[in-house]
Each structure stands twice: as C-alpha cells, then as structure tokens.
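Residues in the sequence shown are numbered consecutively from 9, following the numbering used here.
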Amino acid sequence: MKLNLSTLSKPIIAPSLLAANRNDLVNEAKKAEEDGAGFLHIDVMDGKFVPNTSFTIEEISLLSDKHHLLNDVHLMIEDPDKHIEEYVKAGADLRTFHYEALPERRIEGCIDLIHSYHCYAGISIKPNTAVDVLLPYINKVDLILLMSVEPGRGGQKFLPSSLGRLDEIRKILKPRLKKPLIEIDGGIQDTTGREALLHGAEVLVAGSYLFGHSDMKERIEGLKCK
Numbered sequence: 009m010k011l012n013l014s015t016l017s018k019p020i021i022a023p024s025l026l027a028a029n030r031n032d033l034v035n036e037a038k039k040a041e042e043d044g045a046g047f048l049h050i051d052v053m054d055g056k057f058v059p060n061t062s063f064t065i066e067e068i069s070l071l072s073d074k075h076h077l078l079n080d081v082h083l084m085i086e087d088p089d090k091h092i093e094e095y096v097k098a099g100a101d102l103r104t105f106h107y108e109a110l111p112e113r114r115i116e117g118c119i120d121l122i123h124s125y126h127c128y129a130g131i132s133i134k135p136n137t138a139v140d141v142l143l144p145y146i147n148k149v150d151l152i153l154l155m156s157v158e159p160g161r162g163g164q165k166f167l168p169s170s171l172g173r174l175d176e177i178r179k180i181l182k183p184r185l186k187k188p189l190i191e192i193d194g195g196i197q198d199t200t201g202r203e204a205l206l207h208g209a210e211v212l213v214a215g216s217y218l219f220g221h222s223d224m225k226e227r228i229e230g231l232k233c234k
C-alpha cells in the first residue's frame, strides 16, 4: 500500500480514468498526480454486472509503478472474490467491490481476503440499494463507496437523492470510533461536489469534470473547497 488512509488530508479527490485518454493513460495518471489528486480511480467492468467493459488487468499493471497515488480500483464485476488475487498482482491498493455482486454469505469472506493481501477493502452500493445493508460490514471495511449514478458508464447526472443517503451513512458512522472513508462516485462537478462534502463525503470521484480540461489543477483545488 502506497499511502496510509488515516494520514491523508480530506477531502480526497480521485480522478476517474474512465474519462481519460485511454491511449495515454500513463501521462494522464501523472498529470492527475501533479495537479493534486489523492487517489487514482480505476473502474473495472466485466460486461455482466454492468453492461460495459473497461480497464484490463494489463492496463492496471502498466500504471501501478508510474505514479505515487493510491490505485483505487472499483470492481464492477460479478463474483469479485474470485478475482482478488489478479488485481493484487496488478498493483491495486484499494479494492472496492459491490454488495450486489455476490451472495451475502460471501461478502465478509471477500473483505477478509482483500485484507489478507495487506490491501484496503471497500464496499459499494448502487443508488437503489438501501444503506442499511452495509451495517454488518462497517467495522470491517476501510471505505464505503456510494454510487450517485447507476454504475456502468461515465458522464451521467448526479442523483440528488444521494445527499440524503450520505446523511444516512454519516449518522450510522457517527458513534463509531473506527470509521471507513466515505467516497461518492457519479456526476461530480463543482456544485455537486461541494454539496456532497457538506453531507459527509470525504472522497470525490470525478471523471469528465477533470480529464480533458487544461485547468485540471484548478478544478481539483475547487473540489477541495466546501
């Protein structure tokens, strides 16, 4: 693991490579680092759990030693517990899988498996999944990823209902000494990012708002301001 999550200053900005130039991923990752990002968000899709496909093991491996950001790998795949070792070898520092992607009886084992490789473990839920399903796992995971769009493609509009869901998560976490980071992904730009931070988000995933713009540094700095 490249970074200690507990020592990182918040909020953390995680540019999503899904919106980057896929023919120049190394330089895109380096630019994100130079411009003030904390994580590098890498979406993995299998065409089954979500309809699209995205980054390959080979692409993640190529990036792993080319920057110093935490590789925040978001597994939008079926049966993620069967593929953890592949992503460990590829250099993923934080692996976030979906609650909806495997039977409940295997979720705790998936978290333990990720931790057994000395990696951070995150769990994600789709917009229509009740926040309460996370309760059994809150003391085990290092990060909760709340999807503020339906997962599977970039460029979607932020769902306003996500703010109330952030409030729910923050309320659940308030009495706990050990708190996982709260990450939000989908439709994040200056206005929605600010609102998400005010409602408890600590990590903002942003794709098309950051990549492809000459003022990425200024945009990242702007996202850090509540």
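Quick reminder that beta carbons are idealized off the backbone N, C-alpha and C, glycines included.
Do isoleucine 131 and valine 139 have their C-beta atoms closer together than 9 Å?
no
How should glycine 208 be labelled, buried or exposed, when 16 other C-beta atoms within 10 angstroms of its C-beta is the threshold for buried?
buried
Quick one: complete beta strand (DSSP E) runs, 3+ long, within the region 38-64?
47-53
Give a yes or no on whether the C-beta atoms belonging to threonine 137 and glutamate 108 are separated by under 9 Å.
yes
Residue of Arg227, Asp32, Ala129 and Gly195 minimising C-alpha distance to serine 169
Gly195
Straight-line Cα distance separating alanine 40 from asparagine 29
12 Å
Could you check if proline 19 is buried or exposed, using at least 16 other CB atoms within 10 Å of its CB as the buried criterion?
buried
Just list the beta strand (DSSP E) runs in the region 161-201, keeping only unbroken ones of 3 residues or longer that don't cross its boundaries, in chain order.
189-193
Taking the straight line between their C-alpha atoms, what separation do you get for phenylalanine 63 and proline 111?
25 Å
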